[in-house]
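Position in the sequence shown (first residue = 1) + 1447 = our numbering. C-beta: ideal position from N, C-alpha, C; glycine also. Remember, predicted model here, so these are calculated numbers, not experimental data.
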Amino acid sequence: YVLKLFWHSYSTNIKLKSTFTAINSSLGFTPFLHWLVNIAECFLFFAAVAVNGKLQYAIVEVHSPPGDIPVPKEDKRHRLGQVLNGEKRPFLVVASDLVPALEVKWGVKLSVKKILLGSDLENCSYIHPIDKRECPVVIGGDYITTESGTGLVHTAPGHGQEDYVTGLKYGLPILSPVGDDGKFTEEAGQFSGLDVLGDGNTAVVNYLDGQSSILMEESYQHKYPYDWRTKKPTIFRATEQWFASVEGFRQAAMDAIGHVKWIPPQAENRISAMTSSRSDWCISRQRTWGVPIPVFYHKQTMEPLMNEETINHIKSIIAQRGSDAWWYMKVEELLPERYRDKASDYEKGTDTMDVWFDSGSSWAAVLGKRAGLNFPADLYLEGTDQHRGWFQSSLLTSIATK
């Protein structure tokens, strides 16, 4: 669970040099064309620039400020003159509706040279200013607007749901150089070990500033997700998880809903809508407590080892010693006999089950296990909030296994 609290961030305008490709050349104004991107989080995460295919974009030439355009305040850390110093005929790509606002913000005159649709920019490319790799321009969603920024945003498939979907569509790398401790991993190169939300982000900004990539950086207040326990800001990451596929038995679950008497009657519509539209079930969690997912990983390849034989062996252990046995017993004790000579090659998984998978299986521990009780239950009683929780998890686990 996360809380939305206010957080001060820096909105940064960064210029990205266009690569000399056929599609980029068709836009004209090369080799001095730059993509002007607005970012509000660490640049290391990003794999592409996204535009709105329905918006109009302008290629603009930057001129010295005329007398009728005010110079930005010092607290906006205006850097435009420094960044463009020495560059011949700089041209920038920005949303056309934002040209007047950007003139005022930057204190310059922007001369519009060409207007294009965002869809015309798809598959153009630029050079990443840190690791120098070539990155694409892609079509994002309606979340890209002309309310603020430049009309171009960076896409980080490893750190956001919408960006992740865009990344899958375009085959972008899922970059997530952040460890469980909130620090950059070795994948981040020179920034490895730095705290992402602290000195790490500062170091990245300073590096970009040294490369004359930042046009402007200004502070603004916005809502940001905080962890409800620690009251500290969170970082979204794309991580490997275990999923239970729902697609194979979704229709059976829908049919079962129709054979239940719901009180009140409108509850049937509520759970039907939630079940018909739900995605596959992420059943793994990274908690310090909970029912363990009984999987072993090969230390070198990280290939999972979990089959009927290993699960049955662990079931027999847990039946005698409880689920905590997974945490205190050694790998060679938890593996079936025929795997024990290779126990040193494996390590235990540390993921726990989603508590809704755990509680949603309670019927299996009660019905048919106690005298006088049979499957299915005659009565399931909870509040209406459990159409998404216990009612649905109980329904899915029973349909999938019965």
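Going by beta carbons, Y1573 and L1463 fall inside the 7 Å limit. Under DSSP, the beta-bridge partners assigned to I1506 are V1540, K1561. Secondary structure at Y1590: coil, using DSSP grouped into helix, strand and coil.
Annotation for W1774: no beta strand (DSSP E) segment contains it, though the alpha helix (DSSP H) segment containing it runs 1772 to 1775.
Here the alpha carbon of I1765 sits roughly 23 Å from the alpha carbon of Q1688. Boundaries for A1497: no alpha helix (DSSP H) harbours it, while the beta strand (DSSP E) harbouring it runs 1495 to 1498, taken from the DSSP string.
With distances taken between CA atoms, Y1654 lies nearest to Q1637 out of Q1637, V1643, G1645. In terms of CA proximity to S1763, L1781 leads the group T1748, E1750, K1746, L1781. Within the model, the alpha-carbon separation for T1831 versus N1485 is close to 42 Å.
Secondary structure remark: continuous alpha helix (DSSP H) runs of at least 4 residues inside the segment 1761 to 1809, in chain order: 1772 to 1775, 1778 to 1781, 1802 to 1806. If you draw a straight line from the Cα of A1603 to the Cα of D1610, it comes to about 6 Å. Between the alpha carbons of E1569 and E1550 lies a distance of about 26 Å. Annotation note: the segment 1599 to 1682 contains the following uninterrupted beta strand (DSSP E) runs of length 3 or greater, listed N- to C-terminal: 1599 to 1602, 1661 to 1674. Between N1460 and D1801, the alpha-carbon positions lie close to 40 Å from each other. If you draw a straight line from the Cα of S1731 to the Cα of D1674, it is about 19 Å long. Excluding sequence positions up to five before and after G1588, its CB lies within less than 7 Å of the CB of E1609, all in the same chain and listed in chain order. In the three-state reduction of the DSSP assignment, F1743 falls in the strand class. Taking a contact as a CB-CB distance under 8 Å, the pair V1742 and L1752 counts as one, their CB atoms being some 7 Å apart. When C-alpha distances from V1559 are compared across D1646, K1552, A1542, the shortest belongs to A1542. Take the alpha-carbon of L1480 and the one of H1601: they are about 17 Å apart. Comparing C-alpha distances from E1664 to each of G1815, T1597, G1695 shows the shortest one belongs to T1597. The segment 1691 to 1704 makes contact with the segment 1719 to 1736; the number of CB pairs closer than 8 Å reaches 3 or more. Taking a 10 Å sphere around the C-beta of W1736, we find fewer than 16 other C-beta atoms and assign the residue as exposed. Contact annotation, A1505 with I1562: C-beta distance approximately 6 Å; criterion of less than 8 Å satisfied.
Residue burial is scored here from C-beta neighbours: H1606 has at least 16 other C-beta atoms within 10 angstroms and is therefore classed as buried. Secondary-structure assignment with DSSP links A1691 through a beta bridge to W1728.
Within the same chain, Cβ atoms closer than 8 Å to the Cβ of Q1833 are found at Q1839, the five residues on either side in sequence being excluded.
When K1670, H1575, R1768 are compared, the shortest CA-CA separation from S1465 is found for H1575. Counting along the chain, the unbroken beta strand (DSSP E) around S1572 starts and ends at 1572 to 1574. A direct Cα-Cα distance of roughly 19 Å separates A1720 from S1845.
The C-alpha of W1553 lies about 56 Å from the C-alpha of Q1713.
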